[in-house]
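In the working numbering, each residue carries its 1-based index in the sequence shown increased by 796. The C-beta atom is built at its ideal place from N, Cα and C for all residues, glycine as well.
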Amino acid sequence: MENIALVTGAARGIGLATTKLFLAEGRRVIMVDNDTEELAHAATDLTGAIPLPCDVSDPDAVAQLAARAKAEIGNVSAVVNNAGLADFGPIETTDFERWRQVMATNLDGVFLISQAFTSSLKATRGAIVNIASISALRASTLRVAYGTSKAGVAHLTQQQAVELGEHGIRVNCVCPGPVRTKLAMAVHTQQIIDAYHDAIPLNRYGQETEIAEAIVWLCSDKASFVTGQRLAVDGGFEATGIGLPALRS
Ligand SMILES: NC(=O)c1ccc[n+]([C@@H]2O[C@H](COP(=O)([O-])OP(=O)(O)OC[C@H]3O[C@@H](n4cnc5c(N)ncnc54)[C@H](O)[C@@H]3O)[C@@H](O)[C@H]2O)c1
């Protein structure tokens, strides 16, 4: 059976790095993004990449995407729900529109894409990897919408794993720590970057490819007995607990 992966938010950042790793493994990759221009640019020169613009938060657009993918390309054996938005703000000023916008892409999008491709994944006994965040596992200020959406993704992963396991579909979640992508740089000041370096045991940000390696492994047969898991790829940030700099030797 041909190996076809689908990656959302594939035009840049972690999604683009994941696309390139899948291609290097010999898979074809359906690249999904709502930034049509950047998607076309990113897919140029990527042999085996099939760019299909789609807003993952739009149920009709997702249904059309799934129908087109099935008819023109074939059943996918890996789905990576990576498209995401970061909008940080205090609870009192995060109005309902901002809340809904974050939920629509980060949580509704994962639900809609996974549901639309479930019949394909049943046929291939494939795998889903949902991209949450360290913000799904540890609460923080200013992340009422983002952190809650990502905690939803982490739990949705378990719901999907438990229900789809009998069809041979594995579902796991990757929780990245900070990576210098456009998304992160829009909300991380230099002060935040310095504080992260200090708080993360490996003392640095991650790279897109380091997140992509974990995603591609979870989609591979090497992870054939792994499902329902949340893997923090975060330089040890989740493990720190009371990570006070003053407690260091
Ligand atoms: N960079 C980090 O520090 C970090 C940390 C934890 C989690 N994450 C998560 O990793 C994922 C990828 O983020 P990134 O850092 O590579 O960001 P990025 O902004 O570089 O890439 C995100 C991509 O998603 C696309 N996208 C956004 N909304 C969409 C929609 N509704 N439909 C289709 N595509 C859409 C964007 O156009 C963009 O190409 C996100 O889910 C993000 O929350 C990132």
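- If you compare the alpha carbons of G885, T890 and M827 with that of L861, the shortest gap goes to M827.
- Taking 8 Å as the cut-off, the beta carbon of I846 is found no closer than this to the beta carbon of V872.
- For T804, no alpha helix (DSSP H) segment is defined; the enclosing uninterrupted segment is the beta strand (DSSP E) at I800 to T804.
- Relative to the non-hydrogen atoms of ligand 1, the Cβ of G1031 never comes closer than 7 Å to any of them.
- DSSP places I869 in the coil class of the three-state scheme, outside both helix and strand.
- Within the region 974-1003, the complete alpha helix (DSSP H) segments of 4 residues or longer fall at 978-983 and 986-995, listed in chain order.
- Rounded to the nearest whole angstrom, the CA to CA distance from L938 to D841 is 39 Å.
- Contact between R1026 and I965 does not hold, since the beta-carbon distance rounds to 17 Å and is not under 8 Å.
- Here the C-alpha atom of W895 lies approximately 11 Å from the C-alpha atom of E888.
- Looking at the DSSP output, C971 sits in a beta bridge with A1028.
- At a cut-off of 7 Å, the beta-carbon of A912 does not count as near ligand 1: no heavy atom of the ligand is closer than that.
- Beta bridge pairing from DSSP links R966 with A923.
- Note that the C-beta distance between G943 and S931 is below 8 Å.
- About 5 Å separates the CB atoms of I1007 and I810; that is less than 8 Å, so the two are in contact.
- Looking at the DSSP output, P849 sits in a beta bridge with D829.
- Of the other Cβ atoms in all chains shown, fewer than 16 fall within 10 Å of the Cβ of S936; this residue is therefore exposed.
- For A874, the enclosing beta strand (DSSP E) stretches over residues A874 to N877.
- Between the alpha carbons of A957 and S1020 lies a gap of roughly 13 Å.
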